[in-house]
Amino acid sequence: MSAPHLTPDEFREQGHRVVDWIADYWESLDGLPVLAQVQPGDVTASLPTALPERPEPLEAVLADLDEHLVPGLTHWQHPRFFAYFPANSSPAGVLGDLLSSGIGAQGMLWATSPAATELEQVVLDQLRQALGLPDSFARDGLGGGVIQDTASTATFTAVLAALHRATGGAARRDGVPGGAFAIYGSTQAHSSLLKAAMMSGLGEGAVRSIAVDPETQAMDVTALREAMAADVAAGVRPVLVQSAVGTTSTGAVDPTAAIAAVAREHGAWLHVDAAWAGVAAVCPEHRWIHDGVEHADSYVTNPHKWLLTTFDCSAFWVRDRAALLGALSILPEYLRNPASESGAVVDYRDWHPQLGRRFRALKLWTVLRTYGLSGLRAHIRTGVGQAERFAALVRADERFEIVTEPVLGLVVFRVVGDDDRTMALMEALNASGTAYLSHTKVEGRAALRLATGSWRTTDADIDRTWEALVGNLPAT
Ligand SMILES: *Cc1c(COP(=O)(O)O)cnc(C)c1O
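Each number in the working numbering corresponds to the 1-based position in the sequence shown with 1 added.
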């Protein structure tokens with residue numbers, strides 16, 4: 002038999018059915034529990050262990066999706082998904098992603114699909130300007146932007162570029178000697194910094210966790226200065242300092258300008274991790290979060306969190322692309338081509354760990370154009386407004402307290418009294434299926450996080466979540 006590829010007309014018909022499925026799914030979410038209510042192994046037990054010998058129709062796949070998989074999903078596009086940070090998959094993002102899948106271009110080199118590379122350069126420069134990021138990141142100078150799969154990868158490449166610069170290129174040839182280098186982030190830095198240290202060969206021992214201000218949870222710059230001086234005195238070379246703009250735990254914003262001044266004294270690379278918060282700077286009133294970013298060597302923010310772009314899409318810029326390319330460029334014979342050799346083009350394979358890459362710029366471009374800056378600002382403002390609405394409810398109820406001042410779309414709060422009640426409340430709420438919140442620890446004490454910013458959340462969802470919280474309060 003011949004392979005059963007769909008004809009274009011069959012694809013058209015089945016494609017419409019899939020789009021209908023997605024629209025129905027979104028409409029059904031309000032009535033579904035946010036958090037998957039299954040036990041480990043339940044999904045596995047519902048699926049066959051072997052592949053079918055004969056081709057199956059799409060209907061069979063959709064039927065199993067409905068019956069066996071949807072109950073095992075935690076619904077990230079649910080209007081009352083408030084855990085972690087949002088991972089918005091807007092209609093525009095889905096459609097742009099679909100176009101990218103259909104085109105199926107592999108943009109590892111400019112020559113393997115020129116439009117994929119050039120659109121990525123153009124759209125990242127548009128986004129850079131929209132976020133008020135410095136001209137030093139622009140592609141027409143020494144810098145440039147690239148879409149990475151995740152902020153974790155962006156931070157990893159920042160560490161590699163910083164090591165390349167610090168060692169004059171020796172790191173890529175000889176590796177890194179143990180104990181010779183240090184990198185710095187606050188105690189609240191995302192775990193991807195630690196992972197980058199592990200993957201780069203620096204080792205976990207190279208990471209210095211700098212104390213934070215107990216109230217704001219932002220990095221204590223005096224502690225940073227002391228740690229760097231102590232390393233230098235001990236013969237350890239500071240390589241990179243990370244400033245977190247919007248930490249995962251509480252949304253704390255590190256003082257980037259002051260951190261930059263200390264980093265500069267030691268010639269260390271300054272990386273800004275604004276994975277969640279950075280996109281809020283499309284609104285002029287939130288642009289303060291980027292104070293000091295003009296001193297950064299690299300910067301990352303995730304359109305795949307708050308900015309409506311289907312995962313994965315992480316925007317990463319560098320001031321000096323030569324350091325990044327120096328760390329990561331490769332040129333095996335089978336990739337040689339006249340365009341690369343002319344030096345006139347960007348080959349994105351040299352900007353990240355992997356070779357192959359998707360045409361992610363298309364979904365980002367689809368989102369940014371079809372929302373427009375006004376639409377993007379409206380979306381961010383809705384999320385911030387809903388966080389303010391929720392924070393006001395918390396403040397007005399003496400059984401609850403705000404833990405850290407809310408930042409943008411993140412409210413960190415707890416039940417007054419012992420931590421067990423706070424955790425019991427979260428577990429009861431999440432088990433009820435009404436809403437989904439996650440937790441953290443602040444200064445050693447339990448706290449709940451409510452992160453707004455989903456494209457489907459309304460004020461009524463905030464109120465309903467508050468009522469469910471109050472209704473599930475454990476007895477004293
Ligand atoms: C979410 C987050 C990350 C990790 O993002 P990925 O894209 O999933 O790697 C890193 N830093 C901060 C501050 C984050 O909020």
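Virtual Cβ for every residue (Gly too), placed ideally from N, Cα, C.
All of these numbers come straight from a predicted model, not from anything done at the bench.
The beta carbons of residue 430 and residue 469 sit closer together than 7 angstroms.
Here residue 413 carries a strand assignment [DSSP, helix/strand/coil]. A direct Cα-to-Cα measurement between residue 306 and residue 176 gives close to 34 angstroms. For residue 135, the closest of 119, 319, 158 by C-alpha to C-alpha distance is 319. Three or more beta-carbon pairs separated by less than 8 angstroms are not found between the segment 272-281 and the segment 458-469, which leaves the two stretches without contact. Annotation: residue 339 to residue 42 spans about 53 angstroms, alpha carbon to alpha carbon. At the C-beta level, residue 116 and residue 315 stay beyond 7 angstroms of one another. Taking every protein chain shown into account, the CB of residue 380 has 16 or more other CB atoms within 10 angstroms, so this residue is buried. Under the rule that a run must span 4 or more residues, the alpha helix (DSSP H) segments found entirely inside the segment 178-217 read 192-201. Residue 328 places its beta carbon less than 7 angstroms from that of residue 161. Short of 7 angstroms from the beta carbon of residue 181, and not among the five residues preceding or following it, lie these beta carbons of its own chain, in chain order: 237, 238. Taking 6 angstroms as the cut-off, one finds at least one heavy atom of ligand 1 near enough to the beta carbon of residue 276.
In this structure, ligand 1 has no non-hydrogen atom nearer than 6 angstroms to the beta-carbon of residue 272.
Residue environment: residue 62 is assigned as exposed (fewer than 16 neighbouring CB atoms within 10 Å of its CB, all protein chains considered). Checking the 6 angstroms criterion, the Cβ of residue 152 is within range of a heavy atom belonging to ligand 1. Here residue 102 is exposed: its Cβ has fewer than 16 other Cβ atoms, across all protein chains shown, within 10 Å.
In this structure residue 142 does not touch residue 363 by the C-beta definition: roughly 25 angstroms separates them, more than the 8 angstroms allowed. For residue 274, no alpha helix (DSSP H) encloses it; the enclosing beta strand (DSSP E) starts and ends at 270-274. Per DSSP, the unbroken beta strand (DSSP E) holding residue 300 starts and ends at 299-302. For residue 439, no alpha helix (DSSP H) run applies; the uninterrupted beta strand (DSSP E) run containing it begins and ends at 439-443, by DSSP.
Under DSSP, the beta-bridge partners assigned to residue 318 are 146, 300. Between residue 149 and the set 12, 286, 350, the nearest pair of CA atoms involves 350. Taken in chain order, the whole beta strand (DSSP E) runs of length 3 or more contained in the segment 229-277 are 238-245, 270-274. Residue range 9-29 is occupied by the alpha helix (DSSP H) that includes residue 23. Take the alpha-carbon of residue 24 and the one of residue 64: they are about 16 angstroms apart.
According to DSSP, residue pairing for residue 408 in a beta bridge involves 411. Counting along the chain, residue 4 sits inside no beta strand (DSSP E), nor does DSSP assign it H or E at all.
Closest in alpha carbon position to residue 110, among 220, 333, 84, 153, is 333.
If the five residues before and after residue 133 are omitted, its C-beta is found closer than 6 angstroms to the C-beta atoms of 282, 288, 291, all from its own chain and listed in chain order. Taking residue 169 as reference, the option from 5, 302, 324, 246 with the minimal CA-CA separation is 324. Boundaries of the beta strand (DSSP E) harbouring residue 450: 446-452, taken from the DSSP string. Inter-segment contact for the segment 413-420 and the segment 432-452 is present: three or more beta-carbon pairs are separated by less than 8 angstroms. In the same chain as residue 232, and ignoring 5 residues on each side of it, the C-beta atoms closer than 8 angstroms to its own belong to 183, 209, 238, 239, in chain order. Residue 388 sits close to residue 453, with the two beta carbons spaced by under 7 angstroms.
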